[in-house]
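Below is one structure, written out as structure tokens; comments come after it.
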Amino acid sequence: MSRHEPKVSIVIPFYNDPYVREAVDSALSQSYRNIEVIVVDDGSTAHAELLKPYGDRIHYLGKANGGTASALNHGFRHASGEYIAWLSSDDVFYPDKIKQQLDGMRSVDAWIGHTGFDCIDGKGRYTQFAIAPPKDTHDLLRSFRHSNPVNGCTVMMRKPLYQAIGPFNERLPYTQDLDYWFRVLLAGFPFHLTPDPLIAYRWHEQMGTLRNKQAIEQETQETFHRYENRYKAFLLQLGIK
Numbered sequence: 624m625s626r627h628e629p630k631v632s633i634v635i636p637f638y639n640d641p642y643v644r645e646a647v648d649s650a651l652s653q654s655y656r657n658i659e660v661i662v663v664d665d666g667s668t669a670h671a672e673l674l675k676p677y678g679d680r681i682h683y684l685g686k687a688n689g690g691t692a693s694a695l696n697h698g699f700r701h702a703s704g705e706y707i708a709w710l711s712s713d714d715v716f717y718p719d720k721i722k723q724q725l726d727g728m729r730s731v732d733a734w735i736g737h738t739g740f741d742c743i744d745g746k747g748r749y750t751q752f753a754i755a756p757p758k759d760t761h762d763l764l765r766s767f768r769h770s771n772p773v774n775g776c777t778v779m780m781r782k783p784l785y786q787a788i789g790p791f792n793e794r795l796p797y798t799q800d801l802d803y804w805f806r807v808l809l810a811g812f813p814f815h816l817t818p819d820p821l822i823a824y825r826w827h828e829q830m831g832t833l834r835n836k837q838a839i840e841q842e843t844q845e846t847f848h849r850y851e852n853r854y855k856a857f858l859l860q861l862g863i864k
């Protein structure tokens, strides 16, 4: 590995989230120092004042409300780093998240990677520890037939990959991540796993995953159906049953 330390852009989509300062603080506290923190305010009507004290320590991008995919695309397009990491405004990066994941990805020349994670509740109390996706590549690929094994806020990718795959689908309010992972895999880019838990993923009463459960389930099934035939052929080509 060269001594070159590539810049990593941390993109935080934000909409009316009282936890946003915890997310921003965790991004700014990374042991890996060549970073930029981009907060995309997706038309918030509350809690935006929490970002004022950071001044020029963050890049604040405001926009009209358009959903998570729209906010991610806005941040990713403006990112100047060679790598981009996604952090939801209610989650927390651990201090070595960027360094450890980047070291692992660069050691195998990976274009995209994900990690394990812990779970916390609305008050920051730990509820689950060391949740990790399947370590075996074939097992991971099999799991995409019926679930989304990749937590979006653990993902880091090279910006050229985003430029090659294209933007997140802004017509999908809930499954823009699952749709993107299918597009990445079908384009021939495997996920590199750093199994250690490197983020705290927050479950709380106001999170969209709980408030929009029925709509998410419907959109998820539609996304699986849309990729079913192509993904089945992809697995067969790899000899995976």
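Heads up, the sequence shown is in this note's numbering, so the first residue is 624 and it goes up one at a time.
Glycine included, every Cβ here is placed at the ideal spot set by N, Cα and C.
| query | result |
| --- | --- |
| DSSP beta-bridge partners of Ala708 | Ile633, Met779 |
| In DSSP terms, what His737 is bridged to | Leu816 |
| CA-to-CA distance, Leu725 to Glu793, given in whole angstroms | 28 Å |
| Residue span of the beta strand (DSSP E) that contains Tyr797, given as start and end | No beta strand (DSSP E) contains Tyr797, which DSSP labels as neither H nor E. |
| His827 beta carbon less than 9 Å from that of Tyr879 | Since the first residue shown for the chain is 624 and the last is 864, residue 879 is missing from the structure and cannot be characterised. |
| For His682, the residue or residues it bridges with in DSSP | Ile661 |
| Reduced DSSP category for Ala669 - H, G, I as helix; E, B as strand; rest coil | coil |
| Whole-angstrom distance between Phe637 and Tyr717, CA atom to CA atom | 19 Å |
| Cβ neighbours of Asn688 in the same chain (closer than 6 Å, five flanking residues each side left out) | Asp665, Gly666 |
| Three-pair Cβ contact test at 8 Å for the stretch 781–791 versus the stretch 803–810 | yes |
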